[in-house]
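In my numbering, the protein residues as written are 43 to 460. Glycine is no exception: its CB is placed at the ideal position from the N, C-alpha and C atoms.
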């Protein structure tokens, strides 16, 4: 027997170690239409009672993913924090613990709500479950060329910011990092102040709002911090950063800029800036009051509320509002947990069963086949229901009227209630 060539069913195979023979290898062409691609099934992952979805964002502290509360069927977001990563960040663990303590005691429409906190000691992970927000103000600004909102849209967001900030101050909390990147929006357009990692809770019986540390974003810091003062009014720091935020969302620029942080702080420390004429006299006056160099003369929350620009809602002109940008091509930002729900509850399709020819399959016949079929029998029949998503309440609803045949063919659907 020749070792160079092996005969199998009359077809010679090449011995690639000793291929000195005269045999020729042929490559068979396959029509692309004959290739069937089946995407890999997404595997579901549960953390406590929460079903994990796709990644929403990632920051210096950790990842943020969408989740579904399997008990309430509410759409949530979870911040996943690794202790190993937190230890590499200055004051990382302390900031997270402080944020959790603060959020647990806060309840306001314009402040992000902490729903649950989970710990995994084995993997050294912490899960902060928050109410779901569909987008951030900064993300919306980045999606348009002029990086700003129409005046009426900016007014609505600023009104909600002042409401949330007034509540924080009433609870003795200085945020210290107000900026568009920390302002989130829910599906119904409600603004939420988020990221209280560098916030400070004043002592209950303290005589004033004096603070001595600041870790906020440089472009939003007031002159007293840029000039290195040892102590400063915490509430007036938030007023200043809110003024910079208002300046940014109405003009698309910043009042102070610099090639580096040293040049930026030098410009902030001098307190010299200009306001575009397009802002108009009322908004210009409000910005000057909020960006007052001397903290003692800087506007308070009450003065902002009584200002004519704040009280008088701008007329809605033909200029369209900046919409929530699409995520991964999805303009509706649909729930990303649906494929994982299908993995949990949907039976594997039977290739030998023709669903289209059996539209009148009744529930009893379906349950009999589900019991007999191992792939279906592994899932409880009570889970085989259509799921409807209510965008107004950010909640999944089990639809009781789905027929058995529809359940077989369309296991999960989304109905947007607008």
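Closest in C-alpha terms to residue 209, from the list 195, 344, 93, comes 344. Between residue 254 and residue 359, the alpha-carbon positions lie close to 45 Å from each other. Distances from the CA of residue 140 to each of 75, 239, 160, 274 were compared; the closest alpha carbon is that of 239. Excluding residues up to 5 positions away in sequence, 183, 294 lie with their Cβ nearer than 7 Å to the Cβ of residue 189 in the same chain. DSSP, read as helix, strand or coil, puts residue 191 in coil. Under the three-state reduction of DSSP output, residue 250 falls in the coil class, being neither helix nor strand. If you draw a straight line from the Cα of residue 137 to the Cα of residue 168, it comes to about 13 Å. Taking a cut-off of 8 Å on C-beta distances, the segment 319–337 touches the segment 286–303, as three or more cross pairs fall below it. DSSP, reduced to helix, strand and coil, places residue 161 within a strand of the structure shown. Between the segment 113–133 and the segment 194–201, the count of Cβ pairs shorter than 8 Å is below three; the stretches do not touch.
Distance from the CA atom of residue 348 to the CA atom of residue 204, rounded to whole angstroms, is 12 Å. A check of alpha carbon separations from residue 275 across 339, 235, 309 identifies 339 as the nearest.
Here the segment 173–183 does not lie against the segment 300–319, with fewer than 3 beta-carbon pairs under 8 Å apart.
The beta carbon of residue 142 is closer than 8 Å to those of 156, 159, 170 in its chain, skipping five residues each way along the sequence. Between the alpha carbons of residue 102 and residue 272 lies a distance of about 27 Å. Cβ-Cβ distances below 8 Å link residue 112 to 88, 91, 92, 93 in the same chain, with the five nearest sequence neighbours on each side left out; the list follows chain order. Residue 127 sits in a helix when the DSSP states are folded into three classes. As DSSP reads the structure, residue 108 sits in a beta bridge with 119.
Residue 135: member of the alpha helix (DSSP H) spanning 134–147, first to last residue.
Following the DSSP letters along the chain, one finds residue 325 in no beta strand (DSSP E) but inside the alpha helix (DSSP H) bounded by residues 322–332. In the three-state DSSP reduction, residue 233 falls in the strand class (E or B).
The straight-line gap separating the alpha-carbon atoms of residue 256 and residue 84 is approximately 43 Å. Contact annotation, residue 216 with residue 277: C-beta distance approximately 6 Å; criterion of less than 8 Å satisfied. 8 Å or more divides the Cβ of residue 287 from the Cβ of residue 193.
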